[in-house]
Amino acid sequence: MPDFQFRKSSYSDDKDECVEIATNIPTTIAIRDSKTPTSQPLHVHPSTWETFRTAVTDDRLR
Numbered sequence: 001m002p003d004f005q006f007r008k009s010s011y012s013d014d015k016d017e018c019v020e021i022a023t024n025i026p027t028t029i030a031i032r033d034s035k036t037p038t039s040q041p042l043h044v045h046p047s048t049w050e051t052f053r054t055a056v057t058d059d060r061l062r
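Residue numbers (UniProt numbering): 1 to 62.
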């Protein structure tokens, strides 16, 4: 299993109530809930993550 280096948004506080992502593996984006760091992360293709991230940034998810 790859050594994912998870990080969370700089907007997050220290309460562990956020989503963490790992982008250090070129072929996948790993996503997990900070409340359950030992659980299996969700994996998405980098292009899928970028499409989602752009939609959130552009406020297109309604």
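Just so it is clear, CB atoms sit at the ideal spot from N, CA and C, and this is done for glycine as well.
Beta strand (DSSP E) segments (min. 3 residues) lying fully within the UniProt domain "DUF397" (5-56) = 6-8, 19-22, 29-33, 42-44
To which residues of the same chain is residue 59 closer than 6 angstroms at the C-beta, ignoring the five residues directly before and after it?
-> Locating residue 59 in the sequence shown gives position 59, where the first residue counts as 1. Counting only Cβ-Cβ distances below 6 angstroms, and skipping sequence neighbours, we find nothing.
Residues in its own chain within less than 8 angstroms of residue 17 by CB, not counting five upstream and five downstream?
-> Numbered from 1 along the sequence shown, position 17 holds the residue referred to as residue 17. Around residue 17: 34, 35.
Residue burial classification, residue 20 (beta-carbon count within 10 angstroms, cutoff 16) = Counting from 1 along the sequence shown, the entry for residue 20 is found at position 20. That one is buried.
Cα separation between residue 7 and residue 51?
-> Here residue 7 refers to the residue found at position 7 when the sequence shown is read from its first residue. Here residue 51 refers to the residue found at position 51 when the sequence shown is read from its first residue. For residue 7 and residue 51, the distance between alpha carbons rounds to 19 angstroms.
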